[in-house]
Amino acid sequence: MEKIYETQRDKVKAIGVSNFSVEFLERLLKEAKVIPAVNQIELHPSCPQTDVIELCREKGIALTAYSPLGSTNSPLLTDPTVTKIAEAHGVDPARILVSLWANTSNIAVLPKSVNPKRIAENNKVIELAPEEIAELLKIEKRSRFRACSPLWTGWGSLGFPDVKEP
146 MEKIYETQRD KVKAIGVSNF SVEFLERLLK EAKVIPAVNQ IELHPSCPQT DVIELCREKG
206 IALTAYSPLG STNSPLLTDP TVTKIAEAHG VDPARILVSL WANTSNIAVL PKSVNPKRIA
266 ENNKVIELAP EEIAELLKIE KRSRFRACSP LWTGWGSLGF PDVKEP
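Start counting the sequence shown at 146; every next residue gets the next number (the numbering used here).
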């Protein structure tokens with residue numbers, strides 16, 4: 146990737162990575178000449194990856210959150226904390242989940258939808274109070290899950306500290 150980046154600057158503006166944990170980022174940064182511009186990671190209250198957020202900030206790597214709702218039919222959409230905060234703001238639970246990362250971390254949030262109404266709604270960020278953010282970040286302690294399976298083998302390391310190599 147670095148060779149293409151260096152030789153085709155008219156076509157390649159930056160290098161980005163996806164699903165890079167702290168372990169993967171540290172390994173990459175030891176070898177890379179070009180620091181990735183962005184790391185796209187699964188990010189929702191049940192998988193907050195605060196260690197990855199901290200390292201990316203420290204290294205100047207932007208973050209993009211995918212699966213901020215926790216996937217289709219996610220239990221987060223009916224989580225009591227999420228629904229309570231949504232009711233207080235007069236919005237649906239998805240709005241709270243999309244707003245969380247925009248409020249706390251200045252992270253680009255990418256909720257997926259094919260429904261035009263939901264696509265428009267996804268652009269509306271709700272201002273959350275610090276105590277609401279703190280409550281949302283406690284969800285992981287009682288309900289940790291990954292929407293996207295990290296079980297891609299054959300790479301020598303999964304890079305996900307919460308998943309054991311098969």
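The beta carbon of each residue, even a glycine, is placed where N, CA and C say it ideally should be.
Take the alpha-carbon of Ala207 and the one of Ala182: they are about 6 Å apart.
DSSP places Leu214 in the coil class of the three-state scheme, outside both helix and strand.
The Cβ neighbour count for Ala231, taken over all protein chains shown within 10 Å, is at least 16; the residue is labelled buried. Between Val157 and Leu173, the gap from beta carbon to beta carbon reaches 9 Å or more. Per DSSP, reduced to three states, the secondary structure at Leu188 is coil, with no helix or strand assignment. Secondary structure remark: continuous beta strand (DSSP E) runs of at least 3 residues inside the region 250 to 283, in chain order: 253 to 255. Of all alpha-carbon atoms in Phe169, Arg240, Tyr211, Ala177, the one lying nearest the alpha-carbon of Thr223 is that of Arg240. DSSP, read as helix, strand or coil, puts Ala233 in helix. Separation of the CB atoms of Val243 and Val254 is rounded to 5 Å, and the pair is thereby assigned contact status at 8 Å.
By a beta-carbon distance limit of 8 Å, Leu188 contacts Ala210. Their separation comes to about 4 Å. Assigned with DSSP and collapsed to three states, Ser163 falls in strand.
In this model, Leu214 and Ile180 are separated by some 29 Å (Cα to Cα). Counting of Cβ neighbours within 10 angstroms places Pro190 among the buried residues, the total reaching 16 or more.
An exposed status is given to Gln153, since fewer than 16 other beta-carbon atoms sit within 10 Å of its beta-carbon.
DSSP, reduced to helix, strand and coil, places Ala177 outside both helices and strands of the structure shown, so it counts as coil. Going by beta carbons, Pro238 and Thr228 fall inside the 9 Å limit. Our two residues, Pro275 and Ala233, have alpha carbons roughly 14 Å apart in a direct line.
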